[in-house]
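Per my numbering, residue 1 is the first one in the sequence shown, and the count goes up by one each step.
In this text, a Cβ means the ideal position worked out from N, Cα and C, and glycines have one as well.
Remember, predicted model here, so these are calculated numbers, not experimental data.
I have placed the structure first, in the form of structure tokens, so that the comments after it can refer back to it.
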Amino acid sequence: ALKAAAAALLLGLAGWFYPRLIWSHYDGTARPLPMGSEGLAEFLRANAADLSRLRMFNHWGWGGWLGWELGPAYKVYVDGRYLFHGRLRELEELRSDPGAWRRLIEREGLELLLLRNDSPGLPVRQRMPDGFETELTRPAYLLYLPRPEWAVVYWDSSAAVLAKRSAVAAGWLKERELEYLRPGDTHNLRAAALAGAVPLSALRRDLDRYLGSHSGGHGKSVNSRLIALVEDIAAACAAAGTCAR
Numbered sequence: 001a002l003k004a005a006a007a008a009l010l011l012g013l014a015g016w017f018y019p020r021l022i023w024s025h026y027d028g029t030a031r032p033l034p035m036g037s038e039g040l041a042e043f044l045r046a047n048a049a050d051l052s053r054l055r056m057f058n059h060w061g062w063g064g065w066l067g068w069e070l071g072p073a074y075k076v077y078v079d080g081r082y083l084f085h086g087r088l089r090e091l092e093e094l095r096s097d098p099g100a101w102r103r104l105i106e107r108e109g110l111e112l113l114l115l116r117n118d119s120p121g122l123p124v125r126q127r128m129p130d131g132f133e134t135e136l137t138r139p140a141y142l143l144y145l146p147r148p149e150w151a152v153v154y155w156d157s158s159a160a161v162l163a164k165r166s167a168v169a170a171g172w173l174k175e176r177e178l179e180y181l182r183p184g185d186t187h188n189l190r191a192a193a194l195a196g197a198v199p200l201s202a203l204r205r206d207l208d209r210y211l212g213s214h215s216g217g218h219g220k221s222v223n224s225r226l227i228a229l230v231e232d233i234a235a236a237c238a239a240a241g242t243c244a245r
């Protein structure tokens, strides 16, 4: 009798709990997982004709989400299933060993990299066109994914996409590469522009490209921040009169 009463109580609690605290919040609308990025998925879908054929690397925590959003056009490199657990140590090495990136890229023939936008900063001594030498904090990915080989074509607050230059059409890349507005590097642009190292026209071109491939309005968007940044740099250039046009 006691067990029957307990079972009845649990059933009653479940009948109260789910309708009020669970199903009352469900409206039938599909929502992206927190680890995903609406903007990233939109960009990859819009450019599938040029990018889906490439050998892709993705952060392992995004694998299931990417497969859901973009399959079967894009082939996910790794996801959270147990069959990929043997790669976890190798993936962890990528965070601390730049040489591990080179080895992985060469062995797997990777051509499209979907990375978390969390690259650590490294101190770099750099000489400006005016002869002044300064120390800048640059994102580490510029070291193991050098600009002559890899181009940034998309990024937002959580994700970055780099394409291997030799693997994509030159015309496509010319319209989409972000040469200066790169993730983890925008804080250096004001000083670089004032020193004449970055033309203001190139920043405006990058901003147009960025906005052209970002619908904005999603949780990972940085559109408004980049617009404000370029406007601030333009105002500083007008006041200083030292920027390259």
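With DSSP run on the structure shown, which of helix, strand or coil describes residue i?
i	result
VAL222	coil
ARG102	helix
ARG165	helix
ALA30	Note on ALA30: pLDDT 48, under 50, position unreliable in the model; no value is reported.
ALA202	helix
THR242	coil
GLY71	coil
VAL230	helix
Can the beta-carbon of residue i be found less than 8 Å from the beta-carbon of residue j?
i	j	result
SER37	SER158	yes
GLY61	VAL76	no
GLY184	THR242	no
LEU226	LEU181	yes
LEU54	ALA167	yes
TYR154	SER213	yes
VAL152	LEU136	no
Figure out for me which residue from the options has the closest Cα to the Cα of residue i.
i	options	result
ALA228	ALA238, LEU207, TYR141, PRO98	LEU207
ALA140	LEU122, GLY241, PRO129	LEU122
TRP68	PRO129, VAL198, ASP50, LEU44	LEU44
PRO199	ARG147, MET56, SER213, VAL230	VAL230
ALA244	GLY109, MET128, TRP101	MET128
Taking the alpha-carbon positions, what's the residue i to residue j distance?
i	j	result
PHE84	ARG205	Reliability of the predicted coordinates at PHE84 is poor, the pLDDT of 49 falling under 50, and no value is obtained from them.
GLU149	LEU143	11 Å
ILE22	LEU40	Reliability of the predicted coordinates at ILE22 is poor, the pLDDT of 40 falling under 50, and the value obtained from them is presented with this limitation in mind. Each residue's Cα considered, the two are about 29 Å apart.
PRO98	ALA192	26 Å
GLU111	LEU194	35 Å
LEU114	ASP156	12 Å
ALA73	ALA49	9 Å
VAL161	ILE233	25 Å
MET56	GLY171	21 Å
PRO146	ARG165	11 Å
TRP65	ASP118	19 Å
LEU70	ALA100	27 Å
GLU133	ASN188	14 Å
GLY109	LEU203	32 Å
LEU173	PRO120	26 Å
Can you give the beta carbon distance from residue i to residue j, rounded, assuming they're within the 8 Å contact cut?
i	j	result
HIS59	ARG103	Actually they do not touch by this definition, with Cβ atoms about 18 Å apart.
SER215	GLU42	6 Å
ARG190	ALA236	6 Å
ARG209	ARG176	6 Å
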